[in-house]
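With this note's numbering as the guide, the letters of the sequence shown map in order to residues -11 to 176.
Every residue gets a Cβ at the ideal spot worked out from N, C-alpha and C, and that includes glycine.
Following: one structure in structure tokens, then a few remarks.
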Amino acid sequence: RLGLLLRRPQRLVMRVRLMHRRLLVWRLVLLWRRVEGQLLMLCVALLWGSNFPAVKAVIGGGLEPSAAAAARFTVAAAALSPLLGRGEGKLPRELVVGGLECGLWLALGYGAQALALQSCPSTVVAFLASLQVVFVPLLLVAFGGEFTQRLGVAAALCVGGVAFLELGSDPQSLADGSTHFALSDGLG
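Right under this line is the structure:
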């Protein structure tokens, strides 16, 4: 077959070009998948980072924290409600109960964060809420999970990184919001 292709150089050139195009398409697809993931992570970071200043601005505008939280969750429920009709049949009871329990804890956490934002800088509240990255694995350890050296190093890096990003050059500002730690981080 190679001999046949060598006798007809146009066919060989066409096959090489086709293989090159296919390779180029695959490279573009893989590049797009990588860029798409990075763009989505950037959007998540932007949304997450705008959360606390936005809530502080709404509360600073005179809206009660409970009303602000209710409005946020109503908008979220309205946005996600079309997804409920996509499944087949009724939702399993365990899923509904678990979702309601999770929603209750999240609502309590957001309400506590909104209360904390009334008297603390948004950077401090964001720092305390970001500690959930550490709080959840340590809570897992408290309920019988294994504490490993890797978990300890990861927790220390998370606390240090979040403190550096959120608190900036004023680590004393953490003391101002420490009274809200149990509510804003424990529930959120």
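Under the DSSP assignment, E82 falls in the alpha helix (DSSP H) whose first and last residues are R81 to S107. Of the other Cβ atoms in all chains shown, 16 or more fall within 10 Å of the Cβ of S110; this residue is therefore buried. R60: member of the alpha helix (DSSP H) spanning P53 to L68, first to last residue.
Under the 8 angstroms Cβ criterion, the region 75 to 90 does not count as touching the region 25 to 36, having fewer than three qualifying pairs. Less than 8 angstroms separates the beta-carbon of L119 from that of V150. Counting of Cβ neighbours within 10 angstroms places C90 among the exposed residues, the total staying below 16. Assignment of K78 by DSSP, reduced to helix, strand and coil, places it in the coil class. Look at L27 here: in three-state DSSP terms it is helix. Beta-carbon to beta-carbon, A57 and Y98 are separated by about 5 angstroms, close enough to satisfy the 8 angstroms threshold. Going by C-alpha positions, C108 is about 12 angstroms away from V43.
Burial is judged here by how many other beta carbons sit within 10 angstroms of a residue's own beta carbon; L105 has at least 16 and is buried.
Using a 10 angstroms sphere on the CB of V85, the tally of other CB atoms stays under 16, which defines it as exposed.
If you ignore the 5 residues before and after V147, its C-beta comes within less than 8 angstroms of the C-beta of L119 and V122, all in its own chain and listed in chain order. It is roughly 16 angstroms from the alpha-carbon of Q101 to the alpha-carbon of L35. T111: member of the alpha helix (DSSP H) spanning S110 to S118, first to last residue. Nearest C-alpha to L153 among R138, L116, F131 and L126: L116.
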